[in-house]
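Residue numbers (the numbering used here), protein chains in the order written: chain A, 1 to 139; chain B, 1001 to 1139; chain C, 2001 to 2139; chain D, 3001 to 3139.
Accompanying notes for the structure given below.
4 protein chains.
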Amino acid sequence: MSLEGIRERIERDPFARHLGIELLELSEGHSKVALTVGEGMLNFAGIPHGGVIFSLADAAFAAASNSHGQLSVALNVSISFLAAAPLGARLYAEATEENLGRRTALYRLAVTAEDGTLIALCQGTVYRTSRTVLELPGA
Amino acid sequence: MSLEGIRERIERDPFARHLGIELLELSEGHSKVALTVGEGMLNFAGIPHGGVIFSLADAAFAAASNSHGQLSVALNVSISFLAAAPLGARLYAEATEENLGRRTALYRLAVTAEDGTLIALCQGTVYRTSRTVLELPGA
Amino acid sequence: MSLEGIRERIERDPFARHLGIELLELSEGHSKVALTVGEGMLNFAGIPHGGVIFSLADAAFAAASNSHGQLSVALNVSISFLAAAPLGARLYAEATEENLGRRTALYRLAVTAEDGTLIALCQGTVYRTSRTVLELPGA
Amino acid sequence: MSLEGIRERIERDPFARHLGIELLELSEGHSKVALTVGEGMLNFAGIPHGGVIFSLADAAFAAASNSHGQLSVALNVSISFLAAAPLGARLYAEATEENLGRRTALYRLAVTAEDGTLIALCQGTVYRTSRTVLELPGA
Chain A
1 MSLEGIRERI ERDPFARHLG IELLELSEGH SKVALTVGEG MLNFAGIPHG
51 GVIFSLADAA FAAASNSHGQ LSVALNVSIS FLAAAPLGAR LYAEATEENL
101 GRRTALYRLA VTAEDGTLIA LCQGTVYRTS RTVLELPGA
Chain B
1001 MSLEGIRERI ERDPFARHLG IELLELSEGH SKVALTVGEG MLNFAGIPHG
1051 GVIFSLADAA FAAASNSHGQ LSVALNVSIS FLAAAPLGAR LYAEATEENL
1101 GRRTALYRLA VTAEDGTLIA LCQGTVYRTS RTVLELPGA
Chain C
2001 MSLEGIRERI ERDPFARHLG IELLELSEGH SKVALTVGEG MLNFAGIPHG
2051 GVIFSLADAA FAAASNSHGQ LSVALNVSIS FLAAAPLGAR LYAEATEENL
2101 GRRTALYRLA VTAEDGTLIA LCQGTVYRTS RTVLELPGA
Chain D
3001 MSLEGIRERI ERDPFARHLG IELLELSEGH SKVALTVGEG MLNFAGIPHG
3051 GVIFSLADAA FAAASNSHGQ LSVALNVSIS FLAAAPLGAR LYAEATEENL
3101 GRRTALYRLA VTAEDGTLIA LCQGTVYRTS RTVLELPGA
């Protein structure tokens, strides 16, 4: 399956689109995504909601883990929150493949600000199903 | 600080409101929240996005960990995804305090479906700051 | 496969024996183990080493996750350290099955002191292989 | 406080000595340790016990997080087990500082075999106390 077909399906992810997450880079085992923190993405303390930071990391995770064409589902993610970011900040999440097994794979997910400040860091494991991304309904 | 004042601030959380998350229960060290899975909350595989599930758990986490009046910020959350849920499903997240220290506290966050099926389970740690929730701007 | 055969194999675990870990309870999806903190189990700050606390939790995890007879291997464990314990303390770890899937399963692992104080709390996921515990060499 | 004084205290860690863990490298925010898998370190399935792998990672974690002289205690570690290693294998754990805050710090802990194979990968958070490593009793 071509990376183009995979990219196309990933880009149609409804929740990622809803948050305005953009897929900047996609290659086998790697991805980079970005989002701009809007007013509706803050928490009650006035900083970006943990769910928004996680969603951005998760978007990178899904892209990288499905990049081989084998449909992958998240089993576990451990996220550490390191710094806040202001309203309007542009945030990036990059997924790096640490390990690719037959049935599971492990990714490092780093969320950073424009200036490189680490906002959050995650370690995530997927279960690699025996289905392919291609089997999902296309455009 | 009264639980009512804390509840009022938590309920004004912009991202939780954006997702339609409702605060059902709040007492010291405990909370329960709910959300209905809408179309914009799915991922590219057609099931609720990991970011939505996390956000629901995180809303319960924030409510319970701030319920003592001392402003708490998430340090780390480990989430395990156990089952999917269909579009339109009503999901609940319940936070239980496992440990309350002077500087940190630990919570169990369980996301369940209407029939009690466990959708996701998290363990989350907060850092308890020396500020109070009351210091946040009020209504 | 009988629980007795499984218990026998688990009790021959070399590292658990080396640390003096005892298997107190074993039933399907549940186990309880114990250990007494000896001098050689402390860390440089004079409290029980994180590796000892983890090993105790891991022993309960292995017992409970293999209790169904299907050989299970740890994929991920998230451990939170909550309190220290003195030299000579009797520590317990109890494993509770939170979820049992076909290919993975999730356990809560609680390490407590004699008086019930929570020393550490873990969430652990196993991959359930297609081999059985019985296939391991017997006594 | 000199790194030499810190190194001396870390090297007297009773449990690390008991397992034969050697401190190979120590600098501010970084450390590398090693261990040889002995017969008493296996689990009931005949591979290195999860507790041994964790203990090695934890030794690197303790060394790196205390390297600044401020006494640090582990709050949380998430460990992913990626590959087994045979009896007699030489294993290494390297700790890298991902973030250093005033009250908490985050480390990446990688356990590898002689040939570089990733055996386990962890993300660990410490709480940085207001005591110093120097306050611990010396030689």
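Built from N, CA and C at the ideal position, the CB exists for glycine as well.
Query - Stretch-stretch touch, CB-based, cutoff 8 Å, three pairs: the segment 3013-3022 of chain D with the segment 2102-2117 of chain C - result: Touching, no, given that fewer than three Cβ pairs across the two stretches are closer than 8 Å.
Query - Expected contact under 8 Å - CB spacing of Leu35/A and Gly20/A to nearest Å - result: With a contact defined as Cβ atoms closer than 8 Å, Leu35/A and Gly20/A qualify at about 6 Å.
**Report entry** C-beta contact flag for Thr84/A and Pro48/A at 8 Å
**Finding:** The question names Thr, yet the displayed sequence has Ala at residue 84/A. Yes, these two residues count as a Cβ contact at 8 Å.
Query - Identity of the residue in Asn76/A, Arg131/A, Arg102/A and Ala113/A nearest Asp214/A by Cα - result: Nothing in the structure corresponds to residue 214/A, since chain A is present only between 1 and 139.
Query raised in the report: From Val3052/D to Ser1031/B, what distance separates their C-alpha atoms?
Result: Between the alpha carbons of Val3052/D and Ser1031/B lies a gap of roughly 38 Å.
Requested in this report: Indicate whether Arg2102/C and Phe3044/D have their beta-carbon atoms separated by less than 8 Å.
Outcome: Going by C-beta atoms, Arg2102/C is not nearer than 8 Å to Phe3044/D.
Report task. Report the residue ranges of all beta strand (DSSP E) runs contained in full by the segment 3041-3100 of chain D; include only those spanning at least 3 residues, in chain order. Result -> Runs of the beta strand (DSSP E) lying entirely within the segment 3041-3100 of chain D and spanning at least 3 residues, in chain order: 3070-3081 and 3090-3100.
Query - Three-way DSSP call (helix, strand, coil) for Ala2139/C in this model - result: For Ala2139/C, the predicted model reports a pLDDT of 45, less than 50, meaning its position is unreliable; a value from the coordinates is still stated below. It is coil, neither helix nor strand.
Query - alpha helix (DSSP H) segment containing Ile178/A, residue limits - result: Lying before the first or after the last residue shown, residue 178/A is absent from chain A, which here runs from 1 to 139.
Query - At least 3 beta-carbon pairs within less than 8 Å: the segment 2128-2136 of chain C vs the segment 2066-2082 of chain C - result: Yes, since at least three Cβ pairs between the segment 2128-2136 of chain C and the segment 2066-2082 of chain C fall closer than 8 Å, the two stretches touch.
**Report entry** Between the CA atoms of Phe2061/C and Arg3007/D - distance to the nearest angstrom
**Finding:** C-alpha separation (whole angstroms): 34 Å.
Query raised in the report: What are the boundary residues of the beta strand (DSSP E) that Glu2025/C is part of?
Result: Counted as a single uninterrupted DSSP element, the beta strand (DSSP E) harbouring Glu2025/C occupies residues Glu2022 to Ser2027.
Query raised in the report: Which stretch, first to last residue, makes up the alpha helix (DSSP H) that contains Arg17/A?
Result: Here the alpha helix (DSSP H) through Arg17/A covers Pro14 to His18.
Query raised in the report: Do Ser3078/D and Ser1078/B come within 8 Å of each other at the CB atom, strictly closer than that value?
Result: Closer than 8 Å, so yes.
Query raised in the report: With distances taken between CB atoms, is the gap from Gly2050/C to His3018/D smaller than 8 Å?
Result: No, Cβ-Cβ distance for Gly2050/C and His3018/D is not below 8 Å.
Query raised in the report: In this structure, does DSSP put Arg3108/D in helix, strand or coil?
Result: In this structure, Arg3108/D counts as strand in the three-state DSSP scheme.
Query raised in the report: What number of angstroms, rounded off, separates the C-alpha of Leu1003/B from the C-alpha of Ser1065/B?
Result: If you draw a straight line from the Cα of Leu1003/B to the Cα of Ser1065/B, it is about 12 Å long.
Query - Nearest-angstrom Cβ-Cβ length linking Leu2056/C and Ala2113/C, presumed shorter than 8 Å - result: No, Leu2056/C and Ala2113/C are not in contact; Cβ-Cβ is about 12 Å, not under 8 Å.
Query raised in the report: Which chain F residues sit within Cβ distance under 8 Å of Ile2010/C?
Result: Of the protein chains in the structure, A, B, C and D, none is chain F.
Query raised in the report: chain D beta carbons: is any one of them nearer than 8 Å to that of Ala2062/C?
Result: Closer than 8 Å to the CB of Ala2062/C there is at least one CB belonging to chain D.
Query raised in the report: Using the beta-carbon count (16 or more within 10 Å), is Leu2087/C buried or exposed?
Result: Leu2087/C should be labelled exposed.
Query raised in the report: Roughly how many angstroms separate the alpha carbons of Ala110/A and Ala2120/C, rounded to a whole number?
Result: One Cα belongs to Ala110/A, the other to Ala2120/C, and the distance between them is close to 27 Å.
**Report entry** Within chain B, the residues that Asn76/A reaches when beta carbons sit closer than 9 Å
**Finding:** Residues of chain B whose Cβ lies closer than 9 Å to the Cβ of Asn76/A are, in chain order, Ser1078, Ile1079, Ser1080 and Phe1081.
Query raised in the report: Among all the DSSP beta bridges, which residues are the ones paired with Ser31/A?
Result: Answer is Leu26/A and Ala95/A.
Query raised in the report: Does any C-beta atom of chain C lie closer than 8 Å to the C-beta of Asn1099/B?
Result: Chain C, which has a Cβ nearer than 8 Å to the Cβ of Asn1099/B, makes this yes.
Query - Where Gly124/A falls, given that 16 or more other Cβ within 10 Å makes a residue buried - result: Buried, by the Cβ-count rule.
Query - Nearest-angstrom Cβ-Cβ length linking Gly3029/D and Ser3067/D, presumed shorter than 8 Å - result: For a cut-off of 8 Å, the C-beta gap from Gly3029/D to Ser3067/D is around 6 Å, short enough to register as a contact.
Report task. Answer yes or no: do Leu26/A and Ala63/A have a C-beta to C-beta separation smaller than 8 Å? Result -> Contact flag set, yes.
Requested in this report: Could you please tell me which residues of the segment 2111-2128 of chain C, in chain order, have their CB closer than 7 Å to any CB of chain B?
Outcome: Within the segment 2111-2128 of chain C, the qualifying residues are Leu2118, Leu2121, Gln2123 and Thr2125.
Query raised in the report: To the nearest whole angstrom, what separates the beta carbons of Glu3022/D and Val3037/D, a pair I think is in contact under 8 Å?
Result: Actually they are not in contact, since the Cβ atoms of Glu3022/D and Val3037/D sit about 14 Å apart, beyond 8 Å.
Query - Nonlocal neighbours in the same chain, by C-beta distance under 7 Å from Glu98/A, ignoring five residues either side - result: Its chain contains Leu106, Tyr107 and Arg108 as the residues whose beta carbon lies nearer than 7 Å to that of Glu98/A, once the 5 sequence neighbours on both sides are disregarded; these appear in chain order.
Query raised in the report: Does the distance from the CB of Leu82/A to the CB of Leu118/A come in under 8 Å?
Result: In this structure, Leu82/A sits near Leu118/A, with a CB-CB distance shorter than 8 Å.
Report task. Can you grab the Cα-Cα spacing for the pair Phe150/A / Cys2122/C, in whole Å? Result -> The question about residue 150/A has no answer, for chain A in this structure spans 1 to 139.
Query raised in the report: When the cut-off is 8 Å and only beta carbons count, does His1049/B lie next to chain A?
Result: Yes, His1049/B counts as interfacial toward chain A.
Report task. May I have the straight-line CA-CA distance separating Gly1046/B from Ala1089/B, to the nearest angstrom? Result -> Going from the Cα of Gly1046/B to the Cα of Ala1089/B covers about 13 Å.
**Report entry** Interface partners of Leu2035/C on chain B, CB under 7 Å
**Finding:** The premise fails here: Leu2035/C is roughly 21 Å from chain B at the closest Cβ pair, so nothing lies under 7 Å.
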